[in-house]
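Below: the structure, in structure tokens.
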Amino acid sequence: MAIFFHWSEADIDLWRDALAAENIDLELRPLESLGSAADVEFAIVWAPPDGSLKTMENLKYIFSIGAGVTHITLDPDYPSNVPIVRLQDRLLVEDMSCHIIHWVLHYHRYYARYRQYQNERKWLRHRYPENSARRVSILGLGQTGQDACRRLQSLGFSVTGWARSQKEIEGVRCLAGQETFDTVVREADILVNLLPLTAETAEILNASVFDRMPKGGFIINCARGSSVDDSALLAALDSGQIEAAALDVFREEPLPDDDPYWSHPAVSVTPHAAAPTNERSAAEFIAAQIRTCLDGGQPAPIVDLARGY
Ligand code: NAP
Ligand code: GLV
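Following this line, the structure appears as structure tokens:
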């Protein structure tokens, strides 16, 4: 038995140590030394080359080195009969919340204006609303969304969270389902996307959403780039309907040189850096899941491919 391993940024010894700590004596094999692939039972991957997973006919589980799984499922040949286990990690959740808090505070307090004032050597203090008067809507109430809601609520913001199913989070208005989406959007001074990319969420941030948001609203997208209609966002930014956007994820990554987002004055680009996988904790989590499989148990959480996440 062997494990197929693919992550271009990995320190493979760290993964071997994590497996050894769980008494797992399986060979970790990168693509170049895969051989026949018939003895590969597990795959641990981030963005494996298209078609590579399909060659492993005895694969039992695919472990995603990330919370999202589109880096696996967008391969037109990926084996959809093999369950995918996604990453759950407290450190990833914490990093995501810090990224979101950074941008919420940046927009809420209009810090970009101070940069401009500094350029002009202008000593000028501007006004901003009380935290409780700033309405932040979070799309997605999974591991990242729930934590971001709690932390923003504890800073005093007026937080609404939206998911497919009803949630209860103390101090946070939780709404669920398509029928409440209009309210979520209309009452979002700052709209944060933490939805997985699925058939239902592709381009969910579109012209209709930007038009319905209060004028001068802000967008923070740190889930997946294809959840945004890029031309519609650029038009909304140009018209001032949306004041600014912090974008961490893009339809094409790395963001191409000629992409208009790079130079747009109202756009802040970060290179998919909101919540990078922490290699040590990810390795520990996945090694523990493989231990469960070897002991005859079921790993978790398994992606529901019918829902798409
Ligand atoms: P998760 O735990 O699977 O949570 C997903 C949430 O989205 C759930 O609350 C789910 O509702 C909701 N949802 C899904 N489809 C919906 C729909 N059609 N309508 C309403 N709600 C819907 O996901 P997560 O771990 O928080 O991660 C979210 C995404 O963040 C990932 O898929 C990934 O794309 C992205 N991500 C990005 C980075 C980065 O560095 N930029 C890092 C990690 C993750 P229910 O609860 O009702 O099922
Ligand atoms: C990063 O994008 C992840 O899905 O963990």
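Using the numbering used here, the first residue of the sequence shown is number 7, and each one after it goes up by one. The C-beta atom is built at its ideal place from N, Cα and C for all residues, glycine as well.
Could you give the DSSP three-state label for residue i: helix, strand or coil?
i, result
"THR283", "coil"
"TYR120", "helix"
"TYR67", "strand"
"CYS155", "helix"
"ASN227", "strand"
"VAL142", "strand"
"SER103", "helix"
"LEU261", "coil"
"HIS132", "coil"
"HIS270", "coil"
"PHE324", "Any question about residue 324 goes unanswered here, given that the chain covers just 7 to 315."
"TRP21", "helix"
"HIS112", "helix"
"SER233", "helix"
"ALA242", "helix"
"ALA319", "The structure shown does not extend to residue 319, since the chain is modelled only from 7 through 315, so no value can be given for it."
"ALA49", "strand"
"ARG35", "strand"
"THR166", "strand"
"GLU185", "helix"
"ILE30", "coil"
"ASN199", "strand"
"LEU211", "strand"
"GLU249", "strand"
"HIS12", "strand"
Pick out whichever of the options has its Cα sitting closest to the Cα of residue i.
i, options, result
"ILE18", "GLU249, CYS299, ARG297, ALA289", "ALA289"
"TYR267", "VAL46, ALA280, LEU240, SER287", "LEU240"
"ALA182", "VAL190, ALA169, ARG192, VAL191", "ALA169"
"HIS108", "TRP52, ILE225, ARG96", "ILE225"
"VAL51", "GLY246, ALA208, PHE69", "PHE69"
"ILE273", "ARG257, ASP244, GLY162", "In the sequence on display, residue 273 carries Val and not Ile. Measuring from the Cα of VAL273, the nearest candidate turns out to be ASP244."
"LEU34", "ILE296, GLY314, ARG313, GLY302", "ILE296"
"GLU136", "GLN152, LEU161, LEU145", "LEU161"
"ALA294", "ASN29, TRP13, LEU261", "ASN29"
"LEU319", "GLU15, ILE106, LEU261, THR298", "This structure leaves residue 319 out entirely; the chain is present only between 7 and 315."
"GLN94", "TYR123, GLY151, ALA53, ARG119", "GLY151"
"ALA208", "ALA229, ASP217, LYS221", "ALA229"
"PRO3", "ALA250, VAL275, ALA252, TRP13", "Any property of residue 3 remains undetermined from this structure, which presents the chain solely from 7 to 315."
"TYR134", "PRO277, ALA49, ALA118", "ALA118"
"GLY231", "SER14, PRO202, ARG218", "PRO202"
"ARG313", "VAL198, ALA53, GLU206", "GLU206"
"GLU38", "PRO54, ALA194, GLU259", "PRO54"
"MET219", "ARG22, ALA194, SER233, SER237", "ALA194"
"ASP361", "LYS173, TRP13, GLY223, ASP264", "The shown model of the chain, from 7 to 315, leaves out residue 361, and the question about it has no answer."
"GLY222", "VAL234, SER233, ALA242", "ALA242"
"ALA49", "ALA213, PHE10, GLY302", "PHE10"
"GLY177", "ILE210, LEU200, THR189, VAL142", "VAL142"
"THR204", "HIS12, LEU32, TYR315", "TYR315"
Any idea if residue i is buried or exposed, counting beta-carbon neighbours within 10 angstroms, 16 or more meaning buried?
i, result
"THR7", "Looking at the sequence provided, one finds Met at residue 7 rather than Thr. Burial call: exposed."
"SER86", "exposed"
"SER164", "buried"
"SER269", "exposed"
"PRO271", "exposed"
"GLN149", "buried"
"ARG192", "exposed"
"GLY246", "exposed"
"ASP254", "buried"
"ARG96", "exposed"
"GLY167", "buried"
"ASN227", "buried"
"ARG121", "exposed"
"SER233", "buried"
"ASP188", "exposed"
Am I right that residue i and residue j are in contact with their C-beta atoms under 8 Å? What's the rounded C-beta distance?
i, j, result
"ILE175", "VAL110", "The Cβ separation is near 17 Å, so there is no contact."
"ASP56", "ASP83", "6 Å"
"THR61", "ALA43", "5 Å"
"LEU20", "ARG286", "6 Å"
Can you find a CB in chain B that lies within less than 7 Å of the CB of residue i?
i, result
"VAL198", "In the displayed structure, chain B is absent; only one protein chain is listed."
Indicate, with yes or no, if ligand 3 has a heavy atom lying under 6 Å from the CB of residue i.
i, result
"ALA289", "Absence of ligand 3 is noted for the structure shown, with ligand 1 and ligand 2 being the only ligands found."
The region 130-142 contacting the region 291-311, beta-carbon criterion three pairs below 8 Å
no
State whether the region 58-66 contacts the region 112-119, with contact taken as three or more CB pairs (one from each stretch) at a distance under 8 Å.
no
Can you confirm whether the region 92-108 touches the region 272-282 when touching is taken to mean that 3 or more C-beta pairs between the two stretches lie within less than 8 Å?
Enough Cβ pairs lie closer than 8 Å, so yes.
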